[in-house]
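Presented below is the structure to which this report refers.
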Amino acid sequence: MNDLKLHSVTCPQCGAPGVVREGTRITECERCGARLCSTEVITPRYEAVANLSAAQAVNRARNWMEQQKKIGMFGRPELVLIPFHEVTGRRVGVFERKVPERKRVHRRAYNAETRTMDVESGWEYEEREDTKVMVSDVQHLTPAARTPWDLAIFDARAARKSARLRHFDLVEAQRRATVYAEEQSPSALAEQRFADKGQAEMVAASRRALFFPFWSIPAYPRRSLAWIALAVPGTLCLGQALYATFFGSTVFDSIVLAAVGVIATGIALHRVNRPDWALRSWPEPGTIPRLERHGT
Amino acid sequence: MAPDSRARPRVLVLRCKACTAELPAASNDVAFRCPQCGRTWEILHGSFREWNSVYVAPPSSTSHPIVYLPYWSFTVDATALPMGPGHESMLTARDKANFFKRAWVSAFAIYRPTYIGEWGIVYTRLQPDFEVRSGHGPEAPGAAVGSLDATKIATHYILGEIDRAADLGGLDIDLELGDPELWAIPCYDMGEKIRCPWTRAELPAAALDDLSEIRRASERLEA
Chain P
1 MNDLKLHSVT CPQCGAPGVV REGTRITECE RCGARLCSTE VITPRYEAVA
51 NLSAAQAVNR ARNWMEQQKK IGMFGRPELV LIPFHEVTGR RVGVFERKVP
101 ERKRVHRRAY NAETRTMDVE SGWEYEERED TKVMVSDVQH LTPAARTPWD
151 LAIFDARAAR KSARLRHFDL VEAQRRATVY AEEQSPSALA EQRFADKGQA
201 EMVAASRRAL FFPFWSIPAY PRRSLAWIAL AVPGTLCLGQ ALYATFFGST
251 VFDSIVLAAV GVIATGIALH RVNRPDWALR SWPEPGTIPR LERHGT
Chain Y
1001 MAPDSRARPR VLVLRCKACT AELPAASNDV AFRCPQCGRT WEILHGSFRE
1051 WNSVYVAPPS STSHPIVYLP YWSFTVDATA LPMGPGHESM LTARDKANFF
1101 KRAWVSAFAI YRPTYIGEWG IVYTRLQPDF EVRSGHGPEA PGAAVGSLDA
1151 TKIATHYILG EIDRAADLGG LDIDLELGDP ELWAIPCYDM GEKIRCPWTR
1201 AELPAAALDD LSEIRRASER LEA
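Protein chains in written order, with the working numbering: chain P, 1 to 296; chain Y, 1001 to 1223.
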């Protein structure tokens, strides 16, 4: 699922060849033990630390199902790591701009009726030139993988605020979770977002891949008996087909009956065993799990 | 799996060029502080460049564990002269420009610094009289922000502060920043928050991306 790219390097101290994983900037020479640092800016990978255990996730899912007045059974929770690309930096610049300014003006006008000079007050608007110094933050956080469910429901920016990050090790992560692959590089995202931003200059820009953990819990609610409507005619068709095979002719063609019986029984078995719902929750205490229809 | 032979990144040995001690580094660092001789080395254009490095003496009463945060610091020589007869605010801007002797920029990776709190600009505004020391000192973390970027940010900090007093368009500004210096400034590590002993400002721990690596550096020092 996830491609582990390796880059070959040569140790400047002992000349030994070595490899570094993509996204790793600091590595150690296997021969002389020297710590090596890449001179290029390599996209670091971080993982948001999950604070919710599998048991806690199932408990939360059960509570949520009870609130929804749904009864069901849960399958084994699976930890899923979804990559997001974060492009951050600071935009600095000095801009000339025109600021609208309002001035109170008092005009004296001759009043012919009273034969006096009256004062008429009003507002005048003029544009004043102003120089503005800007230092602002830039942050873009977008999903970097295609998932079977819509990631737009997940508020990644809110989760990022409370998420504690640690260095992401792909090999170690794949032992305990399903890791989704990144579909494009964060550099491509940065180029796409900040191609032409006028006078502002991006400084201290960093591009990183953040892996957010989700618990995926298959749920089997006891709610539908629709499978019976398929299982009964399927079994009857299969029985008729067997009868035709062993004892003679029937009303319908035995091959058609066998085919219909196999398909209907197969669909019924699949229907009764398939999880109707999958709960996917950002594993932080206090967040609301989302319930989605399977496959949509 | 075969390594990609097309992309061959250049690597440097993380050793101090002066004393050959191993440089501690977090995964995101671009500048490193030698724990033995206190020199700072930054990777610039594919090779190491040396900068001056100092650390701030920790407060005398340490009620909480101390963690050192890296900052780029620059000496500032700024003058802002009013062009023609100006408003009183022009004179305020002139005095403000003279007030800045040093600028600081956070060198650690922080999530949305303008929103969460950038202590570099706070120190620049307050101009605190830190008791600085040079030499080996604590095993402070390196910088995740490059000195070139920090110079640009510091320039805009100073210009922004002068602009708060009076419009820059009516001022003749002469601004020069000195060479970057990597400072290690101690803060209280309160678990969920990081507190500055001098300003009492607080940062949420989750906002610092490499805090676990910065803490590890402090733990090594205590050991």
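Where is the CB? At the ideal position from N, CA and C, for every residue including glycine.
Helix, strand or coil at residue i according to DSSP, with G and I counted as helix
i	result
residue 1041 (chain Y)	strand
residue 270 (chain P)	helix
residue 263 (chain P)	helix
residue 1143 (chain Y)	strand
residue 1115 (chain Y)	helix
residue 1195 (chain Y)	strand
residue 28 (chain P)	strand
residue 254 (chain P)	helix
residue 1000 (chain Y)	Only positions 1001 to 1223 of chain Y appear in the structure, and residue 1000 (chain Y) is not among them; the question remains open.
residue 1214 (chain Y)	helix
residue 189 (chain P)	helix
residue 1014 (chain Y)	coil
residue 204 (chain P)	strand
residue 1021 (chain Y)	coil
residue 219 (chain P)	strand
residue 1206 (chain Y)	helix
Residue i: first and last residue of the uninterrupted alpha helix (DSSP H) it sits in
i	result
residue 1094 (chain Y)	1088-1099
residue 153 (chain P)	Taken as a continuous stretch (DSSP letters only), residue 153 (chain P) belongs to no alpha helix (DSSP H), as it is neither H nor E.
residue 1028 (chain Y)	Run containing residue 1028 (chain Y): none; DSSP gives neither H nor E here.
residue 67 (chain P)	54-67
Enclosing beta strand (DSSP E) for residue i [first to last residue]
i	result
residue 93 (chain P)	78-111
residue 1073 (chain Y)	1066-1082
residue 1121 (chain Y)	Segment 1119-1126 is the alpha helix (DSSP H) holding residue 1121 (chain Y); no beta strand (DSSP E) there.
residue 237 (chain P)	Here residue 237 (chain P) belongs to no beta strand (DSSP E); instead the alpha helix (DSSP H) covers 226-247.
residue 161 (chain P)	Premise fails: residue 161 (chain P) lies in the alpha helix (DSSP H), 156-162, not in any beta strand (DSSP E).
residue 1163 (chain Y)	It is not in any beta strand (DSSP E) - residue 1163 (chain Y) instead sits in the alpha helix (DSSP H) that spans 1147-1165.
residue 1055 (chain Y)	1047-1056
residue 1184 (chain Y)	1181-1189
residue 175 (chain P)	Careful: residue 175 (chain P) lies outside any beta strand (DSSP E), inside the alpha helix (DSSP H) at 170-176.
residue 46 (chain P)	45-48
residue 1136 (chain Y)	Premise fails: residue 1136 (chain Y) is in no beta strand (DSSP E) and is neither H nor E.
residue 1175 (chain Y)	1171-1177
residue 1035 (chain Y)	No beta strand (DSSP E) holds residue 1035 (chain Y); DSSP gives it neither H nor E.
residue 38 (chain P)	35-38
Test: residue i CB closer than 7 Å to a CB of chain P
i	result
residue 1013 (chain Y)	yes
residue 1089 (chain Y)	no
residue 1025 (chain Y)	yes
residue 1145 (chain Y)	yes
residue 1152 (chain Y)	yes
residue 1125 (chain Y)	no
residue 1020 (chain Y)	no
residue 1208 (chain Y)	no
residue 1224 (chain Y)	An answer regarding residue 1224 (chain Y) cannot be provided, because it is not within the stretch 1001 to 1223 covered by chain Y.
Residue-level contact to chain Y via CB, residue i, 7 Å cutoff
i	result
residue 188 (chain P)	no
residue 102 (chain P)	no
residue 129 (chain P)	yes
residue 137 (chain P)	yes
residue 39 (chain P)	yes
residue 140 (chain P)	no
Residues that residue i bridges to, as DSSP identifies them
i	result
residue 18 (chain P)	P:9
residue 214 (chain P)	P:80
residue 298 (chain P)	Limits of chain P in this structure are 1 at one end and 296 at the other, which puts residue 298 (chain P) out of reach.
residue 146 (chain P)	Bridge partners of residue 146 (chain P): none, in fact.
residue 125 (chain P)	P:102
residue 120 (chain P)	P:107
Indicate whether the contact test is met: 3 or more Cβ pairs, each with one atom in the region 139-151 of chain P and one in the region 76-92 of chain P, closer than 8 Å. yes
Contact between the region 48-66 of chain P and the region 26-40 of chain P (3+ Cβ pairs under 8 Å): no
Is the region 251-261 of chain P touching the region 232-241 of chain P in the sense that three or more CB pairs, one from each, lie closer than 8 Å? yes
Within the chosen definition, does the region 1031-1049 of chain Y reach the region 1158-1175 of chain Y through at least 3 CB pairs nearer than 8 Å? no
Would the region 1020-1038 of chain Y and the region 54-67 of chain P be scored as touching if the rule is three or more Cβ pairs under 8 Å? no
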